[in-house]
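Keeping their order, the protein sequence lines are chains E, A and B. 0 is the number of the first residue of the first sequence in numbering that gives the first Met the number 0; add one for each residue after it. 0 is the number of the first residue of the second sequence in numbering that gives the first Met the number 0; add one for each residue after it. 0 is the number of the first residue of the third sequence in numbering that gives the first Met the number 0; add one for each residue after it. Ideal Cβ positions, reconstructed from N, Cα and C, are used throughout, including at glycine. Remember, it's a predicted structure, so these values are computed and weren't measured experimentally.
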Amino acid sequence: MLVHYPGPWSPLLGRLALKEIPYQNPILVWTFVLVSCAALAIFAAITYHRAWGYLWREWLTSVDHKKIGVMYCLVGLVMFFRGFIDGVMMRTQQVMAVGPQSPGYLGALHGYLPPYHFGQIYSAHGTIMILFAITPILIGIMNIVVPLQVGARDMAYPYLNAVSFWLTASATALVMISLFVGDFSHAGWVGLSPLTELAYSPGVGVDYWIWAVQIGSVGTTLASINIIMTIIKLRAPGMTWTRMPIFCWTALSTSVVGLSSFPVFTAAVALLSLDRYAGTHFFTPGLGGNLMLYTDLFWIWGHPEVYYVILPAFGIISEIVPTFSEKPLFGYMTMAAASIAIGGVSWSVWLHHFFTMGAGPGVNSFFSIASMLVGIPTGVKVFNWAFTLYRGRIRFDLPMLWALGALVLLLTGGLSGMMLAMPAINYTVHNSVFVVAHFHNMLNVVGFAAIGGINFWFPKVFGFKLDERIGKRAFWFFSAGTVVLFGSMYALGFMGMPRRIDYIPFVSWRPLLMSEEAGIFLFLIAAYYMIKQMYVSIRDRAQHRVTGPDPWRTARSLEWLTHCPVPFYNFALLPHINSRDEWAWRRQNGLVNLRPDHYEDIHLPNNTFVPMLLGALAFGLGFGMVWRMYWLAGLSLLGIVVAVIARSFEPDSGHTIPGVRIREIEETLPEELDGMEPVADVAGGVVAFQARTAPRAPAQEP
Amino acid sequence: MSQEAYIKPAHAVLWQSHPPGHDVISTKTLGFWLYLLSDSMIVSSLFASYLVLNHRVNAAAGPTAGMVVHPVVAFFETVLLFSGILAYGFAMVGLKRGDKKAVLSGLASAIILAVGFLVIEGVDFAGLAGHGMVPERSGFLSAFYALVLYHGAHLVFAILWTLVMIVQVAREGFTENVVYRLLNLKLFWFFRKRFNNYTLPLIP
Amino acid sequence: MPLHKGRHLRPLWLAAVAFLTGCAQKGYWLAHPKGAIARTEWHTTILDVAVMGSVVLVAGGLVAAFLWRYRVGGKSRSYDPTFTASLVIEVLVWGVPLMIVGYLSYFSVKSVFATNPYNPLAVRRAVAREARMNGAFTRRADPAGVNAIDPAAHPMRPLRVDVVTTDWQWVFIYPKQGIATVDELVVPVRVPVKFDLTSTTVVNDFFIPQLVGEIDIMPGMRTKQGMIASRTGSYHGYSDDFSGGGFSWMGFATRVTRPAHFKDWVRRVQSAKDHLTDTRFTRVAQPTINLAQKIRHFSHVQKGLFDHIIEQVMEGRVYRTPLAMTESMTKPMKVRLIK
Ligand code: HEA
Ligand code: HEA
Ligand code: CUA
Ligand SMILES: [Cu+2]
């Protein structure tokens, strides 16, 4: 092509050659062996149980929002684990590589990781954790919960939903394969410019990063459109905006942020790839490029992105806290307003990520104030949660513990965020591990809320709870790890320790680095219990089985109205909404254990393998471009175009499940919510609540 | 729960029978609208990049804006593009009347006009390249080409899509699927115009 | 120190000082500022932590108290699920944070100007104070006279230092003195120093925790920083923005000396054999990891070298990072190492 890069190229394999596979590096070889063994075992197990057909029909080709949501969460959890292993490796390197006297192993000068490898690890860790772990988990939860909460049968565009998922999955695959074929970027999750330019990163690492985030962010943009449309168009009759569950408000706000910010990232990365592939000069230091342009574009996305992940987390906390306080959320209206406000302000603060770039004092002042303003709606959230607890009946079930942990972390992370937002302070801690501690503090808010959310909604999707005892152990060890590790990291920040160093020049930093390592051990125990919790709960699922629609007994919003596990059609008849906390309202008025007096036909979309095919082709495109096998990239692109056109010729008729069949299914499902009888004196039970065709005007709000 | 006291549980409607079928076409077009919003964010980013890089330093002693844009060529390009969009508009009028022939001929002329635009643009760029004004020359030229080629890529895409629609209209007539696609495509074409409106006055 | 004006908050921040200095043992550089700017920055930190800390404590305390009081099995019998909105509370939870943010914004803006890299008020204030006191203050605090300044030389013209980062070393050019060093910065005490900074390759960040806050260093561009050191001594400076494989070794020794010692040092460097011309510079700037931060001295620095370096980068000169420094996972570090 137009650009000069070092090394040979062949038409068939592009830059790929045997030497690109790091088979001499023992760390990677062992990882490869482990991963392959695990993959083989899974493969063999599926074959042994003859589950391929089941997998294909029920999962891989599914367009059911719950299944796609579960697959999103699964991908996210696996990547969460991968990111954790990266974290363990980084911490271990740093504690080993202190002082000029520290020994080196495996060809490293100090510690066991050479600088370039360390750089790849934190870049992969940051990219993975934010884009391929936390984001998929949250999108997964939104996928499952939003349609249920608004009383819909599926997302607005079930087919597009599957496409989003498979794009995310193929981006994830691209990141994973970079472990074994070639390298990953060393330029941070932010793609430091101009370090990402070909002159300073001549290998394929940055290309892997480019194509992974590019494909992944297209998936996320599409998912945002889908969620917005589901909320706008598919709310059940009677669900006015002010009766919408609070999680939907945060999902809406976050999706608007996502929809409008991800394209900026797409553009920034596209221009960067033009620099690397076509030799243009957008972000080069010389010949008229402007590297600050990249930094601006990146953070115009990057900052909204961190609020993109915190908003659903706030939503989850806002669902869990009322449930376990047996009280409606305090200040619902301001909570919704605060979500919108946070989303809105997130647009005008991006420059606080480079206060030190030498913008004038006026500019820095503006962005400082704007950043601090975010603290106000966030504070409103915190106080409203506090007043939700006030005069409640508080139980400390597992989801509640995670939510409360998140709340506490939010306070400390907010404190350090407010420090960073003051330029005069920022000048001393920017790019130090103080920043790293700040954002792990905050991102762990998201992590805590996500794990809490998984525990909270798990019985809704699968019909059995996750083990509470083991889960609580995981919680306490995770919390202890967070405090010990990131507490020490804050202290190191005041010692001036820069981030992203693989060799630690000052021995005075060693004691705190050791205490961070202690934190890692706590995290290891937590991870053990998390995996054990999942394993034990699935193994003993019979004991963990829940009855009735509301396993927590005090849940509030609409999703708790249908069965656990949710049948594939969600609601036999779409519910009519009478109240903000519809399920709590029905429960308190004895309107439970009622069956509609008739059932109707349900229309659902068909399964399709096209989304998966598109995902595979996107992977081919990415992989081909990374290695500059232009034939592969070209063919994949052509394949995508042909597949999309071909699919548009296929009449998307869907299929209809007759009402009698629904009745059969419904009658096999257990309905009792023990300890709760339908209140007989409310006009004689079921008959009074038979479906009425005429929709009534929604009751006025006070 | 004050707001809930207004509904008497005994008279509440709990289930909705025969929910009003969701309007497929408006769901699809509104969603497509959101997609266009995200696309215009990309355009804005490219445009912002162009503004940032349209400076003397960024030209790296090479050509500047005045040297790469020929007002006359730009004028003809604009005329072609707008008439393409107009042709698509005629097709939409045809759609309202349910007139298959009018739709087909509108779509076909839109394609021809757009191809004309692309040809002029191609010739223009070939001329520029002949004078060494290639994207690799400077930051300014990179941004210039990125902006106009993104526009061009949209047009190629629009042409492809219109071709597909010609086949679908001919084969299936005005089914729900075809109609919503035609409406979305209309949004897409009109979005070209907005793009052009953005860029033209600002390229001196 | 502009922040001392917040009298009404004095007890608050005094308490915070006590707390923070209590844990400020050795190594907590930010808590031991030795320059006017670093000091202002540290005071801003204390103020912010004090204010935000108390808000956060209130919020956390509220949550903890409610959790304890209203837990199932607790003493409270006042369960009330109808308490879901209150105008008073809403006004308070929006209004009070708004006021606090307003208060903090005021100090933020003030401290931004005080520490503004291009023209820091803090330096000007420190110089003015020095001139006013003419060393009297210093003599009292420092009877041995180690930190005394040369009264004849005050108010001094600022010392100019041009800073160039390469992959992965520091080149300090003293244009007036016609000398340059690698990985060593020497400045006289109580004299304002003006830095011009640029990079030959990627972005770096200039930072001396105890003396002055960070400023980015960018290729093809010029940033500036001002500083004044109030104590002689040795300090650590390093880059704070990741710049590739040798980043971790990118430190430089900083010495703040008495003006007389500074003059001696300059004279010594002026007699160095190595001269710094543009061609010599292109060799110095080749990707190199200076493992032990070995110091090198140059005399006869080519006039206008700093501007020339910026121009060259803008015209497209690149110092490519060799593949071995970025790609090879098995045989890394095959670049120039200075051991
Ligand atoms: C959401 C984002 C996120 C999360 C959750 C984390 C979590 C963690 N991170 Fe990371 N991190 C980042 C985002 C994140 N990080 C980013 C963006 C960077 C900056 C990168 C850059 O510089 O460019 C970074 C950088 C970063 C560094 C940078 C060092 C440096 O720059 O000098 C370090 C070092 O210690 C680190 C460590 C950790 C650790 C120990 C955790 C721990 O909290 C992890 C705890 C996780 C577990 C304990 C896993 C539990 C187990 C499972 C989930 C399996 C369960 C499976 C089933 C149930 C099926 N992170
Ligand atoms: C979920 C993620 C998340 C969240 C929610 C936040 C929240 C905030 N962040 Fe953070 N931040 C990150 C993730 C996040 N951040 C990441 C990933 C980075 C670095 C990326 C990188 O460089 O790799 C970063 C970096 C970062 C910087 C740049 C640091 C640097 O590189 O120099 C700054 C600077 O202003 C900042 C500020 C803030 C502020 C002011 C908030 C506020 O929103 C906090 C608001 C919360 C509170 C204030 C607490 C609760 C409120 C009360 C108890 C009420 C009382 C409050 C007041 C009176 C104000 N963040
Ligand atoms: Cu130059 Cu930022
Ligand atoms: Cu931010």
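If the criterion is Cβ atoms closer than 8 Å, does the pair residue i and residue j meet it?
i, j, result
"Ile-214(E)", "Ala-617(E)", "yes"
"Gly-391(E)", "Ser-324(E)", "yes"
"Leu-572(E)", "Tyr-534(E)", "no"
"Asp-501(E)", "Gln-100(E)", "no"
"Ala-284(B)", "Asp-182(B)", "no"
"Ser-187(E)", "Arg-499(E)", "For clarity, residue 187(E) is Gly in the given sequence; the question names Ser instead. Yes, they are a contact pair."
"Val-201(B)", "Gly-244(B)", "no"
"Met-421(E)", "Ser-107(B)", "yes"
"Ala-312(E)", "Val-445(E)", "yes"
"Met-324(B)", "Pro-286(B)", "yes"
"Thr-171(E)", "Val-74(E)", "yes"
"Asn-430(E)", "Pro-360(E)", "no"
Find the residues of chain A that neighbour residue i, judging by a C-beta separation of less than 7 Å, and give them in chain order.
i, result
"Leu-296(E)", "Ser-44"
"Gly-278(E)", "Glu-135"
"Phe-622(E)", "By Cβ distance, chain A contributes nothing, its closest Cβ being about 22 Å from Phe-622(E), past 7 Å."
"Val-263(E)", "Met-40, Ser-44"
"Ile-644(E)", "Val-163"
Just to make sure I have the definition right: I need the residues of chain E whose C-beta is within less than 7 Å of the C-beta of residue i. Which are they?
i, result
"Asp-79(B)", "Arg-390"
"Ile-294(B)", "Simply none; closest approach about 15 Å."
"Phe-65(B)", "Ala-385, Leu-388, Tyr-389"
"Ile-214(B)", "Thr-355, Gly-357"
Name the chain E residues that come within less than 8 Å of residue i, Cβ to Cβ?
i, result
"Phe-205(A)", "Look at the range of chain A in this structure, 0 to 203, and you will see that residue 205(A) is not part of it."
"Val-71(B)", "Arg-392, Ile-393, Arg-394"
"Leu-103(B)", "Met-371, Met-417, Met-421"
Quick one: which chain A residues come within Cβ less than 8 Å of residue i?
i, result
"Gly-462(E)", "The contacting residues do not exist; Gly-462(E) stays about 23 Å from chain A at best."
Run down chain B in chain order and give the residues with a C-beta less than 9 Å from the C-beta of residue i.
i, result
"Phe-329(E)", "Phe-82, Thr-83, Ala-84, Ser-85, Ile-88"
Could you work out which residues of chain E lie near residue i, taking near to mean beta carbons separated by less than 9 Å?
i, result
"Asp-204(B)", "Thr-355, His-429, Asn-430, Pro-497"
Mind pulling the chain B residues with CB within less than 8 Å of residue i?
i, result
"Pro-422(E)", "Ser-107, Ser-110, Val-111, Thr-114"
"Asp-63(E)", "Those do not exist, as Asp-63(E) stays about 35 Å from chain B at its closest Cβ, beyond 8 Å."
If we cut at 8 Å on Cβ distances, does residue i have a partner in chain C?
i, result
"Ala-145(A)", "The structure shown has no chain C; the protein chains it does contain are E, A and B."
- prompt: How do the segment 433–445 of chain E and the segment 372–386 of chain E stand: do at least 3 beta-carbon pairs fall below 8 Å, yes or no?
  reply: At 8 Å Cβ cutoff, the stretches do not touch.
query: For the segment 394–410 of chain E, which residues have a CB atom closer than 9 Å to at least one CB atom of chain B, in sequence order?
result: So the list reads Arg-394, Phe-395, Leu-403, Leu-406, Val-407, Leu-410, given in the order they occur along the chain.
- request: Please list the residues of the segment 221–252 of chain B that have a C-beta atom closer than 8 Å to any C-beta atom in chain E, keeping them in chain order.
  value: The residues in question are Thr-222, Lys-223, His-235, Tyr-237, Ser-238, Asp-239, Asp-240, Phe-241, Ser-242, Gly-243, Gly-244, Gly-245, Phe-246, Ser-247, Trp-248, Gly-250.
field: Segment contact, 8 Å Cβ cut-off, at least three pairs: the segment 111–121 of chain B with the segment 29–41 of chain B
entry: The segment 111–121 of chain B is in contact with the segment 29–41 of chain B.
- request: Take every Cβ of the segment 114–130 of chain A, pair it with every Cβ of the segment 69–82 of chain A, and state whether three or more of those distances are shorter than 8 Å.
  value: The segment 114–130 of chain A is in contact with the segment 69–82 of chain A.
message: Residues of the segment 167–183 of chain A in Cβ contact with chain E at a cutoff of 9 Å, in chain order, please.
response: Listed by position along the chain: Gln-167, Arg-170, Glu-171, Thr-174, Asn-176, Arg-180.
- prompt: Of the residues that make up the segment 229–257 of chain E, which ones have a beta carbon closer than 9 Å to any beta carbon in chain B?
  reply: Contact residues of the segment 229–257 of chain E toward chain B are absent (C-beta to C-beta distance below 9 Å).
task: Inspect the CB distances between the segment 306–317 of chain E and the segment 128–146 of chain E and report whether three or more fall short of 8 Å.
output: By the Cβ rule, the segment 306–317 of chain E counts as touching the segment 128–146 of chain E, because three or more pairs are nearer than 8 Å.
- request: Could you tell me whether the segment 291–301 of chain E touches the segment 185–201 of chain E, where touching means 3 or more Cβ pairs closer than 8 Å?
  value: With three or more CB-CB distances shorter than 8 Å, the segment 291–301 of chain E counts as touching the segment 185–201 of chain E.
message: Please identify, using Cβ separations under 8 Å, the residues of the segment 40–69 of chain B that lie next to chain E, in order along the chain.
response: So the list reads Glu-40, Trp-41, Thr-43, Thr-44, Asp-47, Val-48, Met-51, Gly-52, Val-54, Val-55, Ala-58, Gly-59, Leu-61, Val-62, Phe-65, Leu-66, Tyr-69, given in the order they occur along the chain.
query: If we count Cβ pairs, one from each stretch, closer than 8 Å, do we get three or more for the segment 297–310 of chain B versus the segment 253–264 of chain B?
result: As far as the Cβ criterion goes, the segment 297–310 of chain B does not touch the segment 253–264 of chain B, which means the pair count is below three.
task: Select from the segment 192–204 of chain E all residues with a C-beta closer than 9 Å to any C-beta belonging to chain A, and list them in chain order.
output: Residues passing the 9 Å Cβ filter: none.
query: Should the segment 397–416 of chain E be regarded as contacting the segment 95–102 of chain B, the criterion being three or more beta carbon pairs within less than 8 Å?
result: Contact fails: fewer than three Cβ-Cβ distances are below 8 Å.
task: Count the CB pairs spanning the segment 226–244 of chain B and the segment 184–191 of chain B that are closer than 8 Å, and state whether there are at least three.
output: Contact holds: three or more Cβ-Cβ distances are below 8 Å.
- request: Check whether the segment 57–66 of chain A touches the segment 81–90 of chain A, counting contact only when three or more Cβ pairs, one atom from each stretch, lie closer than 8 Å.
  value: Touching, no.
query: In chain order, what residues of the segment 362–380 of chain E put their CB closer than 7 Å to some CB of chain B?
result: Per Cβ criterion, the list reads Asn-363, Ser-364, Ser-367, Ile-368, Met-371, Leu-372, Gly-374, Ile-375, Gly-378, Val-379.
- prompt: When you check each C-beta in the segment 207–228 of chain E against every C-beta of chain A, which residues fall closer than 7 Å?
  reply: Cβ contacts with chain A come from Thr-220, Ile-224, Ile-227, Met-228.
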